[in-house]
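These notes are about the structure you will find just below.
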Amino acid sequence: MQKGLLILEDGTVIEGKGLGVEGIAYGELVFNTAMSGYEEAFTDPSYAGQILLMTYPLIGNYGFNTKYKESETVKIRGLVIKEPAFFSASNLKITKYLQQNRLSCIWDIDTRQLTLKLRYFGTMKAMLVNTSKVLNTKLLIKKLKKMAHPHSQNLVAEVSCKSIIYHNNRHKKRVILIDCGVKNSIIKNLLNYFSVVQVPYNTDLNSIKKLNPDGIVISNGPGNPGHPALMSSTVKTVRGLIKMGYPIFGICLGHQLLGIALGLKTYKLKFGHRGYNHPVKCLWNNRIYITSQNHGYALKASDKDKNIIFDWFNLNDGTVEGMHHSLLPIFSVQFHPEASPGPYDTKFLFGKFNYLIDAKAPRY
Amino acid sequence: MPKRRDIKKVLIIGSGPIIIGQAAEFDFSGSQASRSLRDEGYKTIIVNSNPATIQTDLETADTVYIEPLTEEILEKIIEKERPQGILPGFGGQTGLNLAYELARKGILQKYKVELLGTTMQSIEMAENRDYFRKLMNDIGEPIPHSFAVHSYNEAQEVVKKMKYPILIRPAYTLGGTGSGIAYNSEQLYEAVIGGLNRSPIKQVLLEESVLGWKEFEYEVMRDHSDNCIIICSMENIDPMGIHTGESIVVAPAQTLTDKEHQILRSAAINIIRALKIAGGCNIQFAVNPEKWEYRVIEVNPRVSRSSALASKATGYPIARVSAKIALGFNLDEIQNAITKKTTAGFEPALDYVVVKIPRWPFDKFPTVDKRLGTQMKSTGEVMAIGSTIEEALLKAVRSLEIAKSGFEPEQWREYELIYELQEPTDQRIFAIAEALRRGYTKKKISELTGISEFFINKIENIITLERLLKKAGPEPHLILEAKKLGFSDEYIAKILGTTENEIRYLRHNHKIEPVFNIVDTCAGEFEAYTPYYYSTYWGKNQSERKKQKQKKSIMIIGSGPIRIGQGIEFDYCCVHSAIALKEMGYEAIIINNNPETVSTDFDISTRLYFEPLKFEDVLNVLLREEPYGLIIQFGGQTSLNLAIPLLKVIKEYQLKTKILGTSPVSVNKAEDRETFSTILKKLNILQPPFATGFNFEEVKEIAQKIGYPVLVRPSYVLGGRAMEIVYDEHELERYVGMAARVSPDHPILVDKYIANATEVDVDALCDGKEVFIAGIMEHIEQAGVHSGDSYCVMPPKTLSDKTIKQIKEIVRKIAVELNTVGLINIQFAVQNNIVYVLEANPRASRTVPYVSKTIGIPLAKLATKIMLDYRLKDFNLPEEIKFDFVSIKAPVFPFLKLPGVDPILGPEMKSTGEAMAVDKKFGAAYYKAILADNKFTNSGAVYITVRDDDKKEILPIAQQLKELGFKIVATRGTAQFLKDNQIDAETVYRISEHKSPNALNLMKEGKINLIINTPTMSYSAKRDGYTMRRLAVELNIPFITAITSAYAEIEAIKFAKLGKLSIRPLKHFTHKIID
Ligand SMILES: Nc1ncnc2c1ncn2[C@@H]1O[C@H](COP(=O)(O)OP(=O)(O)O)[C@@H](O)[C@H]1O
Ligand SMILES: Nc1ncnc2c1ncn2[C@@H]1O[C@H](COP(=O)(O)OP(=O)(O)O)[C@@H](O)[C@H]1O
Ligand SMILES: [Mg+2]
Ligand SMILES: [Mg+2]
């Protein structure tokens, strides 16, 4: 039986059993409370650079079926769970899935104690060591402390498409999707209303203009929204697009980048929102919606620019969950209306973007 | 939406006596609702006929009416109290149907009372299967192909367009009452007629079967602003065709992908919105296991057994939130009781798994048809929480109180095993384990049972580990793996052929200990204040820290699942004890595993441990809490059985814990027949002569000496056939041959049967020196009918003052002799003024709630204080309880739900619940008591068929019934006897006599409205009236089996003819609550 070690930035060493690919994985340890949708989560590009801890105790219980993947490859750097479902009704079971996707996992971990630790101290750098060899843990701890935080790298570049991808279909209206690590289900939802041109995250303003889009979507993605590489590329382009009056819809990281482009600030949450039971309140109709979320940063509300209306709030901790511009056809949400995993309560927002493009009305 | 200012007073309808399919969960929901509304400043009125409920306490509601749940009584209460609103969704089907009728008949409108939380239309849409079908089609939710019919002829027409098997599902019923499956046209008639009989609006749905599909339940909440959340998804391990209440259930759902789960979630929200229900509701889906498609099966537009389970599984208080929603609050306007900072607008996230297993009464009914189907037969359920399904499953199995510590090997023959897998009874989970042990594959078992291989694999993991353990012996790392899969020490010990203690010591040496995690609704994401714990072996380091203990803590052992003889009354006592402890400044700790009851509501105790009540699990909590005191008096037989083992282990671990109240040694003195008999001799108190026979010759000899009839009971109960009254040696031979083995280690106890004696139950408080006689209850049925199955009356009706004085004397002597501290119950048989003691139980009895409510003194609370050094004189209790009223306790039986059981009473308890009725006179009170079980008739024909030595007794009864306008119908012998005594009676023939009119046809044609049938207690004589009695149960014709009950019935009929029903709130009858 492979031995597994989870080493945390504060020197804690947790023993467990190893599964999947041998080796050392390094990343930011974050926890997710969803009780299903593990395959969607493993392949969600927003997790690039992160080691995922699942609080739900049994992972892989309904097997794997690659039609649910949110991107072509597994994006999490490592998996920390309590019990893998060695048997599941579907043919592709967890052990084979981990091998096929070169993912290393550590299990038989007291995931609850670890979650309480992250809640108390905040997410932290971690190293998942999955090997049958003997290890010098002191050395590994020193190495871990010295390593730069994953968010210092440009993780978006890792997951964004490298060249333009055309998703043509019967719809006349065309939307440019700025891909910062887009989930497949966002594309699937957009294709219900528009044909979609998926462009790399650092595409400049002129190239987008040349594609004469009817609207712009800024996708979800990993890492720090304030990363310098994004400032000089995506945010610059978005500022231009705002000036040109294009209808713009931002999701998750896209929402944060749109906020920065509009002059707002972002800040890092202690342990973020990751799960699909997060209640948000929409001030339009005073209604509560249950949403799927996966973010470690949030936009700071500010009343400097009167035209930016913050119209969605998190019911648990009051953080900003959405905004729109009173004059420009721009709106964005921090949560994931495309869900997968998670509830479909806020899927109507894709329809709202379509309405915004048609009406070209200054506000919706 | 702001709180409803226009509403001041709210009426909550209870669900009445505990019956199969509608049990303690509605006391839990009703109590939560009332407390929730009072927090918001509303006045609450609760009406319920069941005294053994927390909701009918004056601490839970402002005004309490313990009255029968009938339209007439409800109208009187509404007229008197003038509530502005009525909450129909918290009293099960009884509460819902009653509120619906009051609305439909315009009674609510007449007194301007508003239905809160749900409208008449919502109830109709959900309960009327035809409207529901149309609504689902309108909103595009798929349902099985079906037709609603109101008669058998309509059914025959419609069936032409359908293919068998066909499901028959009546409207406005619950627990699968009246439902059935017709596999061919022959079975159609019986199923349709059965269903129509049970449906209040005479409507059944004929529905194409999706038998074998997976069955899911979703608990949904919606508020007036249309905000919707899902509390929990639950997957039935047993496929469609086995009622959700009869299935082993896992939460959350296990075999749905995220997409499939979200589709069902969206459908559930779509449905609750279409029904416009404000509050909680339960939606059932069937899912095709082969290719993805689902059907909506039914909606319960109210809190239910499933919402009680969902509340305990997630920690989300559904009933509490539903009540506030009904009064206008939105989800985000209700504080989250767990985090105290966030709101109730969220969906719980679990970081553990929950398993529920029903508890069936088959151990008490040897002749019942044990096969599970669409009709509920279970009386209760257990729940267990663990990190894995195996851990939760095995913890649940050992909580069932069926002498199983895990999946012990079974001795079934091959065909018996296959039959059990295909035609499931309560033994199926054990059959699966045994099949795996014998090498059956998962695939084969899945085909035979219809259960998904995913769950069978969980049992396979357990059996595989069992094999490893057998091979490798007590290897520490293997023991840890076994504990992580939920193996109990006892189960491991049996596998390894050693003792439970050995395994425990081995665990201690290798630090293999459980940790305790909190149930916090958010998987650890927020700081939680709920003191609600479960144990798991998957934790690595220390358990979650308990709050530091400034105060002394006292641990109360609960009573486990509701079963015949161990019902909700014990949970009632545990709750009262916990409240009393908190009032006295102690920390109250409760350990229990019943998800339906108030004791496992996390804000009743200071800390709640949701754990099995096995020695090992109780010890784990004992070692963690090291409480100052331990209370075992309130958990019925479950906690009593733990007394001696816990006493030993407290010494062994040098714990400072004291067992409060009557010492286990004294308890044992009362339980052990020999010791108790010497005590009675010393106090010269009469006891029926008895002796113990160790072989058949001895038993025969003893019976000869004592003289028939005798009462025989085996020390080792075989297949539920335990106690019987035996009238001659021939019957003794049959009993010993068939019912009970007799051998040196399984002796048979033989008692003199005190015939034609009045049975008396006494509950008393004793502080070691003084004794307070709380209640002397005279039973209507004679001794020989179990005390739990008899009507009883306070104050005693026929006992002479001398006898009462003698009884009080005896109670004082026995209580002090046993140095009782707390409650004691003593049962007597009085035969022509000679008083015999039958048994003494130095613990809370099932009559404690009834007596407390009758005399207005909270006995469980006072007993708890006495255990903590209060004296009786501290409570200035009245010298003599004065009665200007009559209070009656009526038993309620499960015969309708248990086909194959002879609805005859005897020394073995069979009732599941009770009702209480109070009025000025006996006749009025008895009339109300019968109404509470809706079994009253005051006109028509009475069919009398009695044994020979009752014929003389029946004359005055027949005479009075004649005067009251009844037509008399009797079997040949009885009819002739009556005619000889100038009472004309129509002769009717038994079926065996092949002459008409025969009794059964008359009954079917509705020509018989009351039956008086007193068969001899002997086994053989009972058989021939069986078909007649079963039909009477099916057709809901009331029948009387004791002469004394017949006289009581006559007094009730007299009152009903001329008297007028009066109602009085509980407060009126009782003395000031002394505190
Ligand atoms: N169409 C059907 N095909 C197969 N089984 C069914 C069907 N409808 C109901 N059942 C079974 O009968 C049980 C009871 O039906 P249900 O409508 O839930 O009755 P109740 O309202 O008394 O709970 C269900 O739990 C399910 O197992
Ligand atoms: N010697 C007896 N004579 C007459 N009836 C008896 C006698 N012993 C027991 N019974 C009847 O049997 C019932 C159950 O017997 P009991 O000893 O109380 O057992 P349990 O522990 O089940 O209460 C009693 O309520 C009483 O009606
Ligand atoms: Mg049902
Ligand atoms: Mg008894």
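So the sequence lines, in the order shown, correspond to chains V and H.
Count along the first sequence from 1, add 3, and you get the number used in the working numbering.
Count along the second sequence from 1, add 27, and you get the number used in the working numbering.
Backbone N, C-alpha and C define an ideal beta-carbon position, used for all residues, glycine too.
>> If you measure between the beta carbons of H/I361 and H/V348, is that distance less than 8 angstroms?
In response: yes
> Using a Cβ cut-off of 9 angstroms, which residues of the stretch 365 to 398 of chain H contact any Cβ in chain V, in chain order?
Replying inline: T366, K368, T369, T370, G372, F373, E374, P375, A376, L377, D378, Y379, V380
> For the alpha helix (DSSP H) that H/M1030 lies in, which residues bound it at each end?
Replying inline: 1026 to 1031
> Whole-angstrom Cβ separation of H/K422 and H/T627, contact assumed at under 8 angstroms?
Replying inline: Between H/T627 and H/K422 the Cβ distance is about 14 angstroms, and since that is not below 8 angstroms, they are no contact.
>> Short of 9 angstroms Cβ to Cβ, which residues in the stretch 82 to 107 of chain V face chain H?
In response: K85, E86, A88, F89, F90, S91, A92, S93
>> Using a strict less-than 6 angstroms threshold between each residue's beta carbon and the heavy atoms of ligand 1, what residues do you get?
In response: H/P171, H/L194, H/R196, H/T200, H/L201, H/G202, H/G203, H/S206, H/E234, H/S236, H/V237, H/L238, H/E242, H/M267, H/G268, H/I269, H/H270, H/T271, H/Q311, H/I324, H/E325, H/T401
>> Counting only Cβ pairs nearer than 8 angstroms, list the residues of chain H close to V/A342.
In response: Q289
> Which word fits V/H339, buried or exposed, when buried means at least 16 other C-beta atoms lie within 10 angstroms of its C-beta?
Replying inline: buried
> So which residues of chain V does H/I256 contact, with C-beta pairs closer than 7 angstroms?
Replying inline: I293
> Of the choices H/A50, H/A730, H/L523, H/A810, whose alpha-carbon is the least far from that of H/G272?
Replying inline: H/A50
> For H/L988, which option in H/I971, H/Q1003, H/D896 has the closest C-alpha, if you only look at C-alpha atoms?
Replying inline: H/I971
> Since H/H847 and H/S693 are thought to touch, with beta carbons under 8 angstroms apart, how far apart are those beta carbons, to the nearest angstrom?
Replying inline: Reading off the sequence shown, one finds Thr at residue 847 of chain H, where the question assumed His. Confirmed, about 7 angstroms.
>> Beta-carbon within less than 7 angstroms of H/N124's beta-carbon, same chain only, minus the 5 sequence neighbours each way: which residues are those?
In response: Y199, P227
> Does the distance from the CB of V/G52 to the CB of V/E31 come in under 8 angstroms?
Replying inline: yes
> Should H/A305 go down as buried or exposed, given a rule of 16 or more other Cβ atoms within 10 Å for buried?
Replying inline: buried
>> Does the CB of H/T881 have a neighbour CB from chain V at under 8 angstroms?
In response: no
>> If contact is defined by three or more beta carbon pairs under 8 angstroms, each pair taking one atom from either stretch, is the stretch 748 to 755 of chain H in contact with the stretch 838 to 853 of chain H?
In response: no
> Using 8 angstroms as the Cβ pair cut-off and three pairs as the minimum, do the stretch 233 to 242 of chain H and the stretch 65 to 85 of chain H touch?
Replying inline: no
> Under 8 angstroms, do H/G656 and H/S586 count as touching if we go by C-beta distance?
Replying inline: no
> Taking Cβ positions, are H/Q183 and H/E244 nearer each other than 8 angstroms?
Replying inline: no
> For H/E435, which residues from the same chain have a beta carbon less than 7 angstroms from its beta carbon, with the 5 sequence-adjacent residues on both sides left out?
Replying inline: K521
> Within the 8 angstroms Cβ cut-off, does V/T58 reach chain H?
Replying inline: yes
> Does any CB atom of chain V fall closer than 8 angstroms to the CB of H/P541?
Replying inline: no
> Are the C-beta of V/K284 and some C-beta of chain H separated by less than 8 angstroms?
Replying inline: yes
> Since H/F389 is in the alpha helix (DSSP H), which residue starts that stretch and which ends it?
Replying inline: Premise fails: H/F389 is in no alpha helix (DSSP H) and is neither H nor E.
> the stretch 28 to 52 of chain V: which residues have C-beta closer than 7 angstroms to a C-beta of chain H, in chain order?
Replying inline: T36, M38, S39, G40, E43
> Which whole runs of the beta strand (DSSP E) in the stretch 264 to 314 of chain H are 3 residues long or more, in chain order?
Replying inline: 276 to 278, 306 to 314
>> Quick check: what's the CA-CA separation for H/M261 versus H/P736?
In response: 53 angstroms
> Roughly how many whole angstroms lie between the Cα atoms of H/P918 and H/K511?
Replying inline: 43 angstroms
>> Rounded to whole angstroms, what is the Cα-Cα separation between V/I179 and V/S188?
In response: 16 angstroms
> Any idea what DSSP makes of H/E1078, helix, strand or coil?
Replying inline: helix
>> I'd like to know whether the C-beta atoms of H/G883 and H/F1082 end up nearer to each other than 8 angstroms.
In response: no
> Alpha carbon to alpha carbon, what distance is there between H/P115 and H/I39?
Replying inline: 7 angstroms
> Which first and last residues belong to the beta strand (DSSP E) in which V/G7 is found?
Replying inline: 6 to 11
> From what residue to what residue does the beta strand (DSSP E) around V/R290 run?
Replying inline: 290 to 302
>> Please confirm whether V/G370 has its beta-carbon closer than 8 angstroms to some beta-carbon of chain H.
In response: Given a span of 4 to 367 for chain V in the structure shown, any question on residue 370 of chain V remains unanswerable.
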